[in-house]
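Be aware that the sequence shown starts at -9, since it is given in this note's numbering, and climbs by one per residue.
See structure below.
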Amino acid sequence: MREVRPVGLPCIMYGDIYVKFDTSFKECDYRIGYDTAKNSVKASPQDLFFTASGETADDIGRCVSYQGEDDIYIGGDIIALHPSNEYDSLFLAYVQNSEKVKKQKASFAQGHSVVHISTDNIKKTLFASPKYPEQKRIAEALSDMDELIGSLEKLIKKKKALKQGVMQELLTGKRRLPGFSGEWVENSFSDLFDHVSSRDHQIQTTEYLDYGLFPVIDQGKEKIVAYSDDYTKIINPPRDGAIVFGDHTRIVKHINGSFIIGADGVQVLTSKQNHSTVFLYYLLENLEIPDTGYNRHFKFIKDTKYYVPQDLDEELKIAL
């Protein structure tokens, strides 16, 4: 599909299913002209849309139900199926995105760098379902839960933004806590941090366990990616924990307790004795580190000058 425009006939693009919609949608953001529509596939209300390809087997066959009232056109790499009268469209979308059915679709994956699934294989998926009235009630209940979760996520996001603003002021000394008025002073990286060598504490991904004594930390978004029983690799940080920085990802984590490093690009820091690790974690988390792609970013942290309060009690109060 080409010539996407702000006005015209509604259309859904392949990326929308991954990025914008969870299980259903009523309206789309894109429009196409009439000439483009003549050479495009038209779909109907209650149709199910599936992603026909993805980067991994787990990505393919993601499903959304179209709950709008008008016909809609679909972009490339989308499979459209219309449910029979025995099935509720929204119920089927929830079923198709369930773990059991996702595993079935992953088993049908074809290809390597880009994997695909066919319409026939999607139709082969097996699942249990009640009669239509119960399907509809189940779908409505799950949809209500999704709306509640969405509302809570918006509230959490709003509160996080508010906290971020307050933290930014506290971490720069623009806002002072009651009882503190001393000057903030400039410090170098070595004034504040001790750098723990990662080499002696790292295991390979082939050594990851689903369960174990010690958590494995890497530079990704997840706090814990696996477990290990290899006590020879553990890092035992001080009482107030350690900071893990992703050299490639720029992700900052505060870790309490013993842990093991997984994969490359993990930098481990602890604080000097006269500073709070939690305060320094917030300092790094709020640091604007330029994104230079899949490169090393640790040098930026080492070269930055940091302003911190002279009074350790102020660090501790901010970190609470």
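Where a beta carbon is used, it is the ideal one built from N, C-alpha and C, also for glycine.
Remember, it's a predicted structure, so these values are computed and weren't measured experimentally.
Legend entry - Three-way DSSP call (helix, strand, coil) for Q36 in this model: In the sequence shown, the residue the question calls residue 36 occupies position 46. Of the three classes helix, strand and coil, the one that applies to Q36 here is coil, per DSSP.
Inset, instruction - Report the option in A151, Y8 and L(-1) whose CA atom is closest to the CA atom of V31. - result: As a working note, residue 31 is residue 41 in the sequence shown. The shortest Cα separation from V31 among A151, Y8 and L(-1) belongs to L(-1).
Inset, instruction - Starting from the C-beta of G44, find all residues in its chain whose C-beta is less than 7 Å away, skip the five residues before and the five after it, and write them out in chain order. - result: To locate residue 44, count along the sequence shown from 1; it is residue 54. I50 and V105.
Legend entry - Nearest-angstrom Cα separation, counted from I139 out to L38: Numbered from its first residue, the sequence shown carries residue 38 at position 48. Numbered from its first residue, the sequence shown carries residue 139 at position 149. If you take the alpha carbons of L38 and I139, they lie about 23 Å apart.
Legend entry - Check whether K292 and F179 have beta carbons under 8 Å apart: Within the sequence shown, numbered from 1, the residue matching residue 292 stands at position 302. Within the sequence shown, numbered from 1, the residue matching residue 179 stands at position 189. Closer than 8 Å, so yes.
Inset, instruction - Let me know the secondary structure DSSP gives H265 once reduced to three states. - result: What you label residue 265 is simply residue 275 of the sequence shown in a count that begins at 1. H265: coil per DSSP, three-state reduction.
Inset, instruction - Would you check if the segment 47 to 61 and the segment 95 to 112 touch, i.e. whether three or more CB-CB distances between them fall below 8 Å? - result: In the pairwise beta carbon analysis, the segment 95 to 112 is classified as touching the segment 47 to 61: at least three pairs are separated by under 8 Å.
Inset, instruction - Please classify S14: does DSSP put it in a helix, a strand, or coil? - result: Locating residue 14 in the sequence shown gives position 24, counting from the first residue. Residue state, collapsed to three classes: strand.
Legend entry - Inter-stretch contact at 8 Å, needing at least 3 Cβ pairs: the segment 280 to 290 / the segment 232 to 247: yes
Legend entry - Residues near I64 in its chain [Cβ-Cβ closer than 6 Å; skip 5 each side]: Within the sequence shown, numbered from 1, the residue matching residue 64 stands at position 74. Taken in chain order, the residues that qualify are I2, V31, A33 and A70.
Inset, instruction - Quick one: residues in its chain with C-beta nearer than 8 Å to the C-beta of Y198, no 5 flanking neighbours on either side, listed in chain order? - result: Here residue 198 is taken as the residue at index 208 of the sequence shown, counted from 1. Correct list, in chain order: V206, V215, A216, Y217, S218 and G252.
Legend entry - Through-space distance from K164 to S188, alpha-carbon basis: By one-based count along the sequence shown, residue 188 stands at place 198. By one-based count along the sequence shown, residue 164 stands at place 174. For S188 and K164, the distance between alpha carbons rounds to 36 Å.
Inset, instruction - On a CA-only basis, which of Y77, F183 and N29 is nearest L259? Give me that one, please. - result: Here residue 259 refers to the residue found at position 269 when the sequence shown is read from its first residue. Of the candidates Y77, F183 and N29, the one whose C-alpha sits nearest the C-alpha of L259 is F183.
Inset, instruction - To the nearest angstrom, report how far apart H72 and K113 are at their CA atoms. - result: Locating residue 72 in the sequence shown gives position 82, counting from the first residue. Locating residue 113 in the sequence shown gives position 123, counting from the first residue. Using only the alpha carbons, I get a separation of about 11 Å.
Legend entry - 7 Å Cβ shell around K149 - same chain, five flanking residues per side excluded: Against the sequence shown, residue 149 aligns to sequence position 159. Cβ within range, chain order: n/a, list empty.
Legend entry - Buried/exposed call for L274, threshold 16 Cβ in 10 Å: Start at 1 with the first residue of the sequence shown, and residue 274 comes out as number 284. With 16 or more Cβ atoms within 10 Å of its Cβ, L274 is classed as buried.
Inset, instruction - Tell me where the beta strand (DSSP E) around Y24 begins and ends. - result: Walking along the sequence shown from the start, residue 24 turns up at place 34. Counted as a single uninterrupted DSSP element, the stretch harbouring Y24 is not any beta strand (DSSP E) but the alpha helix (DSSP H) occupying residues Y24 to K28.
Legend entry - Inter-residue spacing [alpha-carbon to alpha-carbon] between H322 and D208: Residue 322 lies beyond the stretch modelled for the chain, which goes from -9 to 310, so this question has no answer here.
Inset, instruction - Check the C-beta distance from T13 over to Y122 and give it rounded, since I have them as a contact under 8 Å. - result: Here the question's residue 13 lines up with position 23 in the sequence shown. Here the question's residue 122 lines up with position 132 in the sequence shown. At roughly 18 Å, the Cβ-Cβ gap does not stay under 8 Å, so T13 and Y122 are not in contact.
Legend entry - T267 burial status per 10 Å Cβ neighbour count (16 or more: buried): Within the sequence shown, numbered from 1, the residue matching residue 267 stands at position 277. It counts as buried.
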